[in-house]
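**Student:** Residue numbers (this note's numbering): 9 to 311. Glycine included, C-beta positions come from ideal geometry on N, C-alpha and C.
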Amino acid sequence: MDENKKFLHYNGQRIAYCQYGNMAAPAIVLLMGLGLPGQAWPMSLLSYLLQEGFRIIIPDNRDCGDSFRFPAEKAITEKELGKAIMRALACMPVSGNYALEDMALDIEKLLNELQIRRAHVVGISMGGMIAQVLATQCPNRVASIVTIASASGNPKTGLGNLKAIQALIARPKERTPEAVRAYFENVFYTLSGSDYKPEVEEMRSLLEAVDRIHYDAEGAYRQLLAILVSGNRAKQLRRLHVPTLVIHGTDDPLLPFEAGKELADIIPGARLESINGMGHQLPEKLMPRIGKLIARHFHANPA
């Protein structure tokens, strides 16, 4: 466990988080994607944002990292998850333990705990969806948002290729560290873009981080169901007036570039920054560029 980690307790739940930087500086909340804890954010990006004069808060979303695990009566099977995905694609309701709205409420409670009136929010993939929901639920608390490789929940634009979907929802074959590593190696490579395939050293670094995250497939499945439960958020996003930057790779196999383009079109005043050849990932080579994009957007829209 990170020695810097602290905990918010509310309603019998526990949300783990870390803080970095000057506590009086403008705050950025970084929200990670499906099944991964906050420590999956590249340290190089954190260092850049700290140098730009921001305070950084990184929570572990519910059902991963050191945050609470939602109790479930029975395990979710891949077959059941597949059926839920098909229902979502058919625009039919999906049931789950919680929704994105509940995950956004966790972040609002954390802002209250830290006495932060307004914050900037960055989210990748599912984290970007949580950022969107947080901004629609309490726009007065969100100064601006940046979404990376995210989407609006529209099944017509948000469906990636089958290989990418299968890589994500498959479970590690065993609960051993070796099996989890093999699972993530396949995920990282499959979701990467053609111009940013992880090189040996980057993959080694990614897999070393995997050894520390205590991956929970059940928690990841519940998070995925939360995305499906919330469904298409286009109607709410069309009424959103929080300054928004959408960063999306042109080679994203999981949430296609069209999903990012649509997101930028839906949110009033949003700006789209496309990155050629980037997939569903945070490549180390792109951290200086992405860090600069985030910092410029937040400096232009002070909290």
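Using 10 angstroms around the beta-carbon of residue 303, count the other beta-carbons present and answer buried if the total reaches 16, otherwise exposed.
**Tutor:** Its Cβ being crowded by 16 or more others within 10 Å, residue 303 is buried.
**Student:** For residue 35, count the other beta carbons within 10 Å of its own beta carbon; 16 or more makes it buried, fewer makes it exposed. Which is it?
**Tutor:** When all chains shown are included, residue 35 counts as buried.
**Student:** Under a three-way DSSP split, which group does residue 15 fall into?
**Tutor:** It is a strand residue.
**Student:** Please state the DSSP three-state secondary structure of residue 80.
**Tutor:** Residue state, collapsed to three classes: coil.
**Student:** Are there 16 or more other CB atoms within 10 angstroms of the CB of residue 263, so buried, or fewer, so exposed?
**Tutor:** Per the 10 Å Cβ criterion, buried.
**Student:** Could you give the C-beta distance for residue 259 and residue 202, rounded to a whole number, given that I count them as a contact under 8 Å?
**Tutor:** So it is a contact: roughly 5 Å between Cβ atoms.
**Student:** Smallest Cα separation from residue 250: which of 261, 269, 239 and 275?
**Tutor:** If we check each option's Cα against that of residue 250, 275 comes out closest.
**Student:** Following the continuous alpha helix (DSSP H) through residue 198, name the residue where it begins and the one where it ends.
**Tutor:** Segment 185–199, the alpha helix (DSSP H) holding residue 198.
**Student:** Do residue 133 and residue 256 come within 8 Å of each other at the CB atom, strictly closer than that value?
**Tutor:** Not in contact: residue 256 and residue 133 (Cβ atoms no closer than 8 Å).
**Student:** Quick test of the definition: if touching needs 3 or more C-beta pairs under 8 Å, does the segment 240–248 touch the segment 138–147?
**Tutor:** Taking 8 Å as the limit for Cβ pairs, the verdict is that the segment 138–147 does touch the segment 240–248.
**Student:** Return the Cβ separation of residue 117 and residue 18 in integer angstroms, given the expectation that the two are a contact with Cβ distance under 8 Å.
**Tutor:** That belief holds up - the Cβ atoms of residue 117 and residue 18 are roughly 5 Å apart, short of 8 Å.
**Student:** Where residue 163 and residue 236 are concerned, what is the direct C-alpha to C-alpha distance, given to the nearest angstrom?
**Tutor:** Those two C-alpha atoms are separated by around 10 Å.
**Student:** Just tell me which of 199, 145 and 177 has its CA closest to the CA of residue 157.
**Tutor:** For residue 157, the nearest C-alpha among the options comes from 199.
**Student:** If you scan the segment 20–74 from start to end, which runs of the beta strand (DSSP E) of 3 or more residues do you find wholly inside it?
**Tutor:** Listed in chain order, the complete beta strand (DSSP E) runs (minimum 3 residues) inside the segment 20–74 are 21–28, 35–39 and 63–67.
**Student:** Which two residues bound the contiguous alpha helix (DSSP H) that contains residue 305?
**Tutor:** Counting along the chain, the alpha helix (DSSP H) containing residue 305 begins and ends at 295–308.
**Student:** Starting from residue 253 and walking both ways along the beta strand (DSSP E), at which residues does that stretch end?
**Tutor:** First-last of the beta strand (DSSP E) with residue 253: 252–257.
**Student:** Which residues mark the beginning and the end of the beta strand (DSSP E) in which residue 102 is found?
**Tutor:** Residue 102 -> no beta strand (DSSP E), and no H or E assigned at all.
**Student:** Measure the C-alpha to C-alpha separation of residue 131 and residue 101 and round it to an integer number of angstroms.
**Tutor:** Their backbone Cα atoms lie some 25 Å apart in a straight line.
**Student:** Would residue 15 be called buried (16 or more neighbouring beta carbons within 10 Å of its own) or exposed?
**Tutor:** When all chains shown are included, residue 15 counts as exposed.
**Student:** Tell me which same chain residues have a C-beta within less than 6 Å of the C-beta of residue 33, skipping the five on either side of it?
**Tutor:** Around residue 33: 61, 62 and 63.
**Student:** Buried or exposed: where does residue 103 fall if 16 or more other Cβ atoms within 10 Å of its Cβ makes it buried?
**Tutor:** By the 10 Å Cβ count, residue 103 comes out exposed.
**Student:** Within 10 angstroms of the Cβ of residue 186, are there 16 or more other Cβ atoms? Answer buried if so, exposed if not.
**Tutor:** So residue 186 ends up on the exposed side.
**Student:** Am I right that residue 261 and residue 169 are in contact with their C-beta atoms under 8 Å? What's the rounded C-beta distance?
**Tutor:** Their Cβ separation, rounded to whole angstroms, is 5 Å, which keeps residue 261 and residue 169 in contact under 8 Å.
**Student:** Give me the Cβ distance between residue 286 and residue 204, rounded to the nearest whole Å; I'm assuming they're in contact under 8 Å.
**Tutor:** With a Cβ gap of about 6 Å, residue 286 and residue 204 count as contacting.
**Student:** Going by DSSP, name the residue or residues bridged to residue 132.
**Tutor:** Partner(s): 156.
**Student:** Among 52, 80 and 218, which has the Cα closest to the Cα of residue 299?
**Tutor:** Comparing Cα-Cα distances from residue 299 to each of 52, 80 and 218, the minimum goes to 52.
**Student:** Would you kindly report the start and end of the unbroken beta strand (DSSP E) that includes residue 283?
**Tutor:** 279–283 is the extent of the beta strand (DSSP E) around residue 283.
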